[in-house]
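Worksheet: the structure to be examined is printed underneath.
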Amino acid sequence: MTLHGYWRSTTSYRVRIALNLKGLAYDQITHDLRTGAQRADAYRRIAPQGLVPALDTGDAILTQSPAILEWLEETHPAPPLLPADPTARAIVRGMAATIACDIHPINNLRVLTTLRRDLAATEAQVTAWIATWIGAGFEALETQIGRHGDGFAYGAIPTLADCHLVPQVYAAERFAVDLTPYPHLTAAAANARALHPVAAAHPDRQPDADA
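Dropping the structure here:
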(Lines of atoms letter the chains of each structure in order from A and count residues from 1; the text may use other names and numbers.)
(Lines give C-alpha, C1' and ligand atoms only; values in the text may rest on other atoms or scores of the structure.)
Protein backbone atom coordinates (compact mmCIF):
# COMPACT_ATOMS: atom_id res chain seq x y z
CA MET A 1 0.00 0.00 0.00
CA THR A 2 1.03 3.59 -0.58
CA LEU A 3 -0.04 6.45 1.66
CA HIS A 4 -0.18 9.86 0.01
CA GLY A 5 0.14 12.41 2.77
CA TYR A 6 2.22 15.03 4.48
CA TRP A 7 4.27 14.61 7.62
CA ARG A 8 2.50 17.30 9.64
CA SER A 9 -1.02 16.53 8.41
CA THR A 10 -3.01 15.26 11.38
CA THR A 11 -5.30 13.29 9.08
CA SER A 12 -2.30 11.52 7.56
CA TYR A 13 -1.02 10.98 11.11
CA ARG A 14 -4.27 9.17 12.00
CA VAL A 15 -3.83 6.75 9.15
CA ARG A 16 -0.18 6.10 9.96
CA ILE A 17 -1.16 5.22 13.52
CA ALA A 18 -3.79 2.73 12.36
CA LEU A 19 -1.48 1.16 9.77
CA ASN A 20 1.25 0.79 12.37
CA LEU A 21 -1.04 -0.61 15.05
CA LYS A 22 -2.20 -3.24 12.59
CA GLY A 23 1.37 -4.03 11.60
CA LEU A 24 0.84 -3.23 7.92
CA ALA A 25 3.66 -2.29 5.57
CA TYR A 26 3.22 0.81 3.42
CA ASP A 27 5.19 3.31 1.39
CA GLN A 28 4.72 7.07 1.68
CA ILE A 29 4.55 9.78 -0.95
CA THR A 30 4.59 13.33 0.36
CA HIS A 31 2.60 16.27 -0.98
CA ASP A 32 3.84 19.47 0.65
CA LEU A 33 0.80 21.38 1.86
CA ARG A 34 2.89 24.51 2.36
CA THR A 35 3.52 24.79 -1.39
CA GLY A 36 0.04 23.66 -2.47
CA ALA A 37 1.33 20.38 -3.95
CA GLN A 38 -1.95 18.72 -3.01
CA ARG A 39 -3.72 20.92 -5.57
CA ALA A 40 -1.51 19.85 -8.49
CA ASP A 41 -3.28 18.19 -11.40
CA ALA A 42 -1.24 15.01 -10.99
CA TYR A 43 -2.40 14.59 -7.40
CA ARG A 44 -6.00 15.56 -8.19
CA ARG A 45 -6.07 12.62 -10.56
CA ILE A 46 -5.40 10.49 -7.49
CA ALA A 47 -7.57 12.42 -5.02
CA PRO A 48 -10.03 14.69 -6.85
CA GLN A 49 -10.67 16.85 -3.78
CA GLY A 50 -6.99 17.73 -3.58
CA LEU A 51 -6.67 16.75 0.07
CA VAL A 52 -4.46 14.35 1.98
CA PRO A 53 -4.43 11.55 2.89
CA ALA A 54 -5.17 9.12 0.11
CA LEU A 55 -4.39 5.43 0.43
CA ASP A 56 -3.57 3.40 -2.66
CA THR A 57 -4.48 -0.15 -1.66
CA GLY A 58 -3.30 -1.64 -4.94
CA ASP A 59 -6.92 -2.16 -5.96
CA ALA A 60 -8.41 1.26 -5.27
CA ILE A 61 -7.62 4.78 -4.11
CA LEU A 62 -9.29 5.59 -0.80
CA THR A 63 -9.76 9.14 0.46
CA GLN A 64 -10.96 10.75 3.70
CA SER A 65 -9.20 9.39 6.78
CA PRO A 66 -12.31 8.11 8.63
CA ALA A 67 -13.25 6.02 5.60
CA ILE A 68 -9.67 4.76 5.30
CA LEU A 69 -9.63 3.77 8.97
CA GLU A 70 -12.93 1.92 8.63
CA TRP A 71 -11.60 0.09 5.56
CA LEU A 72 -8.49 -0.93 7.48
CA GLU A 73 -10.65 -2.23 10.31
CA GLU A 74 -12.86 -4.22 7.95
CA THR A 75 -10.08 -5.68 5.81
CA HIS A 76 -7.46 -6.20 8.54
CA PRO A 77 -9.52 -6.84 11.68
CA ALA A 78 -6.65 -7.92 13.92
CA PRO A 79 -5.77 -6.29 16.16
CA PRO A 80 -9.18 -4.62 16.42
CA LEU A 81 -9.52 -0.86 16.68
CA LEU A 82 -13.22 -1.05 17.49
CA PRO A 83 -14.81 -2.85 20.45
CA ALA A 84 -16.94 -5.94 19.84
CA ASP A 85 -20.07 -4.50 21.46
CA PRO A 86 -22.22 -2.43 19.05
CA THR A 87 -22.94 0.27 21.63
CA ALA A 88 -19.27 0.58 22.51
CA ARG A 89 -18.41 0.77 18.81
CA ALA A 90 -20.86 3.64 18.38
CA ILE A 91 -19.35 5.50 21.33
CA VAL A 92 -15.83 5.11 19.91
CA ARG A 93 -17.00 6.29 16.49
CA GLY A 94 -18.69 9.28 18.13
CA MET A 95 -15.51 10.22 19.96
CA ALA A 96 -13.55 9.97 16.73
CA ALA A 97 -16.15 12.06 14.93
CA THR A 98 -15.87 14.81 17.54
CA ILE A 99 -12.35 15.33 16.23
CA ALA A 100 -12.83 14.40 12.57
CA CYS A 101 -16.05 16.38 12.09
CA ASP A 102 -16.13 19.12 14.72
CA ILE A 103 -12.52 20.10 15.52
CA HIS A 104 -10.27 19.40 12.56
CA PRO A 105 -12.36 20.69 9.62
CA ILE A 106 -12.64 24.23 10.95
CA ASN A 107 -8.98 24.34 11.97
CA ASN A 108 -7.43 22.87 8.83
CA LEU A 109 -5.06 24.74 6.53
CA ARG A 110 -7.74 25.84 4.05
CA VAL A 111 -9.81 27.48 6.77
CA LEU A 112 -6.85 29.13 8.49
CA THR A 113 -5.61 30.46 5.15
CA THR A 114 -9.05 31.93 4.44
CA LEU A 115 -9.12 33.59 7.85
CA ARG A 116 -5.75 35.22 7.18
CA ARG A 117 -6.18 36.07 3.50
CA ASP A 118 -9.85 36.94 3.10
CA LEU A 119 -10.81 38.11 6.58
CA ALA A 120 -7.48 39.75 7.51
CA ALA A 121 -7.27 37.84 10.78
CA THR A 122 -4.12 38.43 12.79
CA GLU A 123 -2.01 35.50 14.00
CA ALA A 124 -3.32 36.12 17.51
CA GLN A 125 -6.88 35.88 16.24
CA VAL A 126 -6.12 32.70 14.28
CA THR A 127 -4.53 31.13 17.35
CA ALA A 128 -7.56 32.08 19.44
CA TRP A 129 -9.85 30.56 16.79
CA ILE A 130 -7.91 27.28 16.90
CA ALA A 131 -7.96 27.17 20.70
CA THR A 132 -11.70 27.85 20.80
CA TRP A 133 -12.65 24.84 18.69
CA ILE A 134 -10.09 22.48 20.15
CA GLY A 135 -11.31 23.45 23.61
CA ALA A 136 -14.97 22.89 22.73
CA GLY A 137 -14.26 19.39 21.44
CA PHE A 138 -11.76 18.46 24.14
CA GLU A 139 -14.19 19.48 26.88
CA ALA A 140 -16.68 16.89 25.63
CA LEU A 141 -13.99 14.27 25.09
CA GLU A 142 -12.63 14.80 28.59
CA THR A 143 -16.01 13.80 29.99
CA GLN A 144 -16.32 10.78 27.71
CA ILE A 145 -12.78 9.55 28.37
CA GLY A 146 -13.34 9.95 32.09
CA ARG A 147 -16.49 7.86 31.73
CA HIS A 148 -15.27 5.18 29.31
CA GLY A 149 -11.48 5.20 29.36
CA ASP A 150 -9.32 2.64 31.10
CA GLY A 151 -5.84 3.74 30.10
CA PHE A 152 -6.86 4.72 26.58
CA ALA A 153 -9.61 6.93 25.18
CA TYR A 154 -12.07 4.04 25.38
CA GLY A 155 -11.24 0.98 27.41
CA ALA A 156 -7.87 -0.66 27.96
CA ILE A 157 -6.62 -1.00 24.38
CA PRO A 158 -6.18 1.55 21.56
CA THR A 159 -9.17 2.22 19.35
CA LEU A 160 -10.07 4.50 16.47
CA ALA A 161 -10.67 7.18 19.11
CA ASP A 162 -6.96 7.13 19.98
CA CYS A 163 -6.02 7.24 16.28
CA HIS A 164 -7.83 10.57 16.13
CA LEU A 165 -6.93 11.84 19.60
CA VAL A 166 -3.14 11.58 19.43
CA PRO A 167 -2.79 13.77 16.29
CA GLN A 168 -5.25 16.31 17.65
CA VAL A 169 -3.26 16.61 20.87
CA TYR A 170 -0.15 17.09 18.72
CA ALA A 171 -1.93 19.94 16.92
CA ALA A 172 -3.06 21.46 20.20
CA GLU A 173 0.51 21.44 21.48
CA ARG A 174 1.76 23.04 18.25
CA PHE A 175 -0.58 25.95 18.83
CA ALA A 176 0.12 26.16 22.58
CA VAL A 177 -3.43 25.29 23.61
CA ASP A 178 -3.70 24.89 27.38
CA LEU A 179 -4.38 21.20 28.02
CA THR A 180 -4.42 21.32 31.82
CA PRO A 181 -8.25 21.24 31.97
CA TYR A 182 -8.21 17.79 30.32
CA PRO A 183 -6.34 15.35 32.58
CA HIS A 184 -8.15 12.22 31.42
CA LEU A 185 -7.66 13.15 27.79
CA THR A 186 -3.96 13.96 28.12
CA ALA A 187 -3.31 10.78 30.12
CA ALA A 188 -4.98 8.66 27.43
CA ALA A 189 -2.98 10.39 24.71
CA ALA A 190 0.26 9.88 26.65
CA ASN A 191 -0.45 6.17 27.06
CA ALA A 192 -1.13 5.81 23.36
CA ARG A 193 1.98 7.79 22.43
CA ALA A 194 4.09 5.43 24.54
CA LEU A 195 3.24 2.51 22.25
CA HIS A 196 5.95 1.90 19.67
CA PRO A 197 3.58 1.78 16.64
CA VAL A 198 2.06 5.11 17.67
CA ALA A 199 5.42 6.69 18.42
CA ALA A 200 6.68 5.61 14.99
CA ALA A 201 3.81 7.51 13.35
CA HIS A 202 4.81 10.83 14.94
CA PRO A 203 5.34 13.60 12.36
CA ASP A 204 8.93 14.23 13.39
CA ARG A 205 9.81 10.60 12.62
CA GLN A 206 8.57 10.66 9.05
CA PRO A 207 11.00 10.65 6.11
CA ASP A 208 9.59 13.90 4.75
CA ALA A 209 9.72 15.79 8.05
CA ASP A 210 10.85 19.37 7.41
CA ALA A 211 11.59 18.44 3.78
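So the mapping is simple: this note's numbering equals the position in the sequence shown, first residue as 1, plus 163.
Even glycine gets a Cβ: it sits at the ideal position worked out from N, Cα and C.
Since this is a predicted model, take the numbers as computed values, not measurements.
Looking only at Trp292, Cys326, Ala253, the smallest Cα-Cα distance to Asn271 is reached by Trp292. For Leu166, DSSP records a beta bridge to Gln191, Leu218. Going by DSSP, Leu278 is part of the alpha helix (DSSP H) stretching over 272 to 280.
Under the three-state reduction of DSSP, Leu235 is assigned to helix. Annotated three-state conformation of Ile262 is helix, per DSSP. Bounds of the alpha helix (DSSP H) holding Leu328 are 323 to 337.
For the 8 Å CB-CB criterion, His239 and Leu187 form a contact.
Residue Met164 holds the alpha-carbon nearest to the alpha-carbon of Gly221 among Met164, Tyr345, Ala303. In this model, Arg279 and Thr290 are separated by some 11 Å (Cα to Cα). Distance from the CA of Cys264 to the CA of Pro321, rounded to the nearest whole angstrom, comes to 20 Å. Note: Leu225 is bridge-paired with Leu218 in the DSSP secondary-structure output. Shortest Cα-Cα distance from Asp325 to any of Pro344, Ala355, Pro243 involves Ala355.
Distance from the CA of Pro246 to the CA of Ala253, rounded to the nearest whole angstrom, comes to 9 Å. In this structure, the straight-line span from the alpha carbon of Gln369 to that of Gly257 is close to 29 Å. For Ile308 against Ala319, the beta-carbon gap comes to about 13 Å, at or over 8 Å, which does not count as contact.
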